[in-house]
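S.K.: Sharing a structure below in structure tokens format, with a few things to ask.
Residue numbers (the working numbering): 7 to 173.
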């Protein structure tokens, strides 16, 4: 892989960082992105009405400027709604959540197969990130969600921002 896809972004620990910069280009701390997105990672969110709030604004983050957005996510109507940072990956077929996000969403046990979640007011199936994969705990917003929403992704490399609209 030539540094493509979500594989250069992983959850990292403070020991992996030198100051505020990643020690390795393959490690980015999602907690660190909180300041850029103006919301704490996995903090409590207000549930969004069906259909969602659009457009969604995000940032290009990390050394490879990966598109990252924060979307309120909920597993069940009475479960916690939290701010999940998603890597937009048009090459990923499906949405994925890692164990940390599932725990914050009140899953109790991590589901062994796809489960239904509400992402920004949109009902969507999410899979568990492969624990032995290249991004075992990085939420991914995949092509299934983007296609279902007829999403329009606008990327501004000069300002390091992204905008995701529903058409």
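The beta-carbon is built from N, C-alpha and C at its ideal position, and this holds for glycine as well.
What is the DSSP secondary structure of residue 93, reduced to helix, strand or coil?
M.R.: strand
S.K.: Just to confirm the assignment, what range does the beta strand (DSSP E) spanning residue 64 have?
M.R.: Residue 64 -> beta strand (DSSP E) spans 62–67.
S.K.: Using a Cβ-Cβ cut-off of 6 angstroms (strictly less than) and excluding sequence neighbours within five positions of residue 152, which residues of its own chain qualify?
M.R.: none
S.K.: Under 8 angstroms: do the stretch 59–72 and the stretch 100–114 share three or more Cβ pairs, one atom per stretch?
M.R.: Between the stretch 59–72 and the stretch 100–114, the count of C-beta pairs closer than 8 angstroms stays below three; the two stretches do not touch.
S.K.: What does the alpha-carbon distance come out to for the pair residue 155 and residue 97?
M.R.: Rounded to whole angstroms, residue 155 to residue 97 spans 16 angstroms at the Cα level.
S.K.: How is residue 150 classed by DSSP in three states: helix, strand or coil?
M.R.: If DSSP states are grouped into helix, strand and coil, residue 150 belongs with the helices.
S.K.: Between residue 101 and residue 125, which are expected to be in contact by the criterion C-beta below 8 angstroms, what is the C-beta distance as a whole number of angstroms?
M.R.: 7 angstroms
S.K.: Taking DSSP as the reference, what is the three-state secondary structure of residue 101?
M.R.: strand
S.K.: Identify, in the order they occur along the chain, each residue of the same chain with its Cβ nearer than 6 angstroms to the Cβ of residue 149, setting aside the five sequence neighbours on each side.
M.R.: 96, 99
S.K.: Could you please give the first and the last residue of the uninterrupted beta strand (DSSP E) stretch that includes residue 169?
M.R.: 167–172
S.K.: Indicate whether residue 45 and residue 76 have their beta-carbon atoms separated by less than 7 angstroms.
M.R.: yes
S.K.: Between 93, 141, 65, 157, which has its C-alpha nearest residue 105's C-alpha?
M.R.: 141
S.K.: Evaluate residue 21 with the Cβ neighbour count: other Cβ atoms within 10 Å of its Cβ, from every protein chain shown; 16 or more gives buried, anything less gives exposed.
M.R.: The pLDDT assigned to residue 21 is 40, lower than 50, so where the model puts this residue is not dependable, and the model offers no usable value.
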